[in-house]
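Chains as they are written, first to last, in our numbering: chain A, 1 to 221; chain B, 1 to 106.
From the three backbone atoms N, C-alpha and C, an ideal C-beta is built for every residue, glycine too.
In this text the structure is predicted, and so the values were computed from the model without any measurement.
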């Protein structure tokens, strides 16, 4: 759902640039304080995987395609603000080098995919996770559900931007965007839960959210 | 970070590079959800209207490596270079942000 130039009006783009800049400033402050040595290659590989996976459009209904977003996956591995940072970096590269997503809409794209997809939806993951069984499968299900929500919420945010810009009325944009992304979100959920499930099986210490809850459980007992 | 975790990181980088190089040329070329909506509702042309683009110097437009005739090869080369460049950029950014903090054990 990379928005090109021309779809979103200047006022909306300026507003989302501002909100995204605030989110990224917080993310940078947190990263300066909290990043450890091990996070350096993990951030790199997460970004590279997201870049690669976003090239792999898979067909969904009726001559439409979609691709992996990876924001909740990144949030589970690195935390919500690092996820926003990674998504923003990938979006900047896609925009400036590959003409994928407009520069005028970069703030809107970072808002939809980094802020709504990364920060908001990773917090949603924490909430869903608290309800799920404390097992690996429970963790994977929570990752899948939150990932599905991240894609649908980002598409709803995108629909509001199109409507507020006068590009398409909300009553048309909202069901159309949310509808197709509800399908794309199924792919998102399967990929994200497989990746985190596999990582927990082989290297649980690389999965930040899993490591965090194990540490909390250990401290309680 | 211990050796086992490092190995998993490098396997991950390998998977990303392989996907970007060898799978991306075979990805669906159908429009994505947003582009499809734009086509169906008649506003797709807004993105190519004169003056719409703010940045027109992207060197690898639409993931097609310039000068490579075979379209599948052009996409694969762009994917490989893009994934590698993204890894370096993200790891570099993380290193920059971490700065010269004291190492908390390696």
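Are the CB atoms of residue 65 of chain B and residue 48 of chain A within a distance shorter than 8 Å? no
Which word fits residue 10 of chain B, buried or exposed, when buried means at least 16 other C-beta atoms lie within 10 angstroms of its C-beta? exposed
Which residues mark the beginning and the end of the beta strand (DSSP E) in which residue 65 of chain B is found? That residue, residue 65 of chain B, is in no beta strand (DSSP E); it is neither H nor E in DSSP.
Go ahead and label residue 3 of chain B buried or exposed: buried means 16 or more other beta carbons lie within 10 angstroms of its beta carbon, across all protein chains shown. exposed
Would you grab the beta carbon distance between residue 159 of chain A and residue 177 of chain A for me? Rounded to a whole angstrom, and I think it's under 8 Å. Right, their Cβ atoms sit about 4 Å apart.
Smallest Cα separation from residue 196 of chain A: which of A:187, A:185, A:210? A:210
What does DSSP give as the partner residue(s) for residue 65 of chain A in the beta ladder? According to DSSP, residue 65 of chain A bridges with A:59, B:32.
If you draw a straight line from the C-alpha of residue 78 of chain A to the C-alpha of residue 98 of chain B, how long is it? 14 Å
Can you give the Cα-Cα distance for residue 75 of chain B and residue 25 of chain A, rounded to whole angstroms? 34 Å
Less than 8 Å separating the beta-carbons of residue 74 of chain A and residue 118 of chain A? yes
Start-to-end residues for the alpha helix (DSSP H) that takes in residue 32 of chain A: 10-34
Return helix, strand or coil for residue 167 of chain A, following the three-state DSSP convention. coil
Could you tell me the boundaries of the alpha helix (DSSP H) in which residue 210 of chain A lies? 208-220
If you count every other CB in all the chains shown that lies within 10 Å of the CB of residue 109 of chain A, and 16 or more means buried, which is it? buried
Kindly list the residues whose CB is nearer than 7 Å to the CB of residue 205 of chain A, restricted to its own chain and excluding five residues on each side of it in sequence; keep chain order. 211
Write down the C-beta distance between residue 72 of chain B and residue 25 of chain B rounded to the nearest angstrom, noting that I regard them as a contact closer than 8 Å. 4 Å
List the residues of chain A that residue 65 of chain B touches, going by C-beta distances under 7 Å, in chain order. Under the 7 Å cutoff, chain A gives no residues; its nearest Cβ is about 10 Å from residue 65 of chain B.
Who are the neighbours of residue 203 of chain A on chain B, taking C-beta pairs under 7 Å? 4, 5, 8
Give the interface partners of residue 104 of chain A over in chain B, defined as CB-CB distance under 9 Å, in chain order. 52, 53, 54, 55
Suppose you measure from the CA of residue 214 of chain A to the CA of residue 148 of chain A; what does that come to, to the nearest Å? Near 25 Å, if we compare the C-alpha coordinates of residue 148 of chain A and residue 214 of chain A.
Three-state secondary structure (DSSP) at residue 191 of chain A? Helix.
Is the CB-CB distance between residue 60 of chain A and residue 66 of chain A below 8 Å? yes
So does residue 160 of chain A have its beta carbon nearer than 7 Å to some heavy atom of the ligand GDP? Among the components of this structure there are no ligands whatsoever, and the ligand GDP is therefore not found.
Please tell me whether residue 220 of chain A has its Cβ less than 8 Å away from any Cβ of chain B. no
Taking all protein chains shown into account, do 16 or more other C-beta atoms lie within 10 angstroms of the C-beta of residue 144 of chain A, making it buried, or fewer, making it exposed? Buried is the call here.
Restricting to Cα atoms, I'd like to know which of A:113, A:112, A:51, A:63 is closest to residue 83 of chain B. A:51
Simplified DSSP state of residue 2 of chain B, which is helix, strand or coil: coil
Cα separation between residue 59 of chain B and residue 146 of chain A? For residue 59 of chain B and residue 146 of chain A, the gap between their C-alpha atoms comes out near 35 Å.
In chain order, what residues of the same chain have a beta carbon less than 6 Å from the beta carbon of residue 114 of chain A, not counting five sequence neighbours either side? 84, 87, 88
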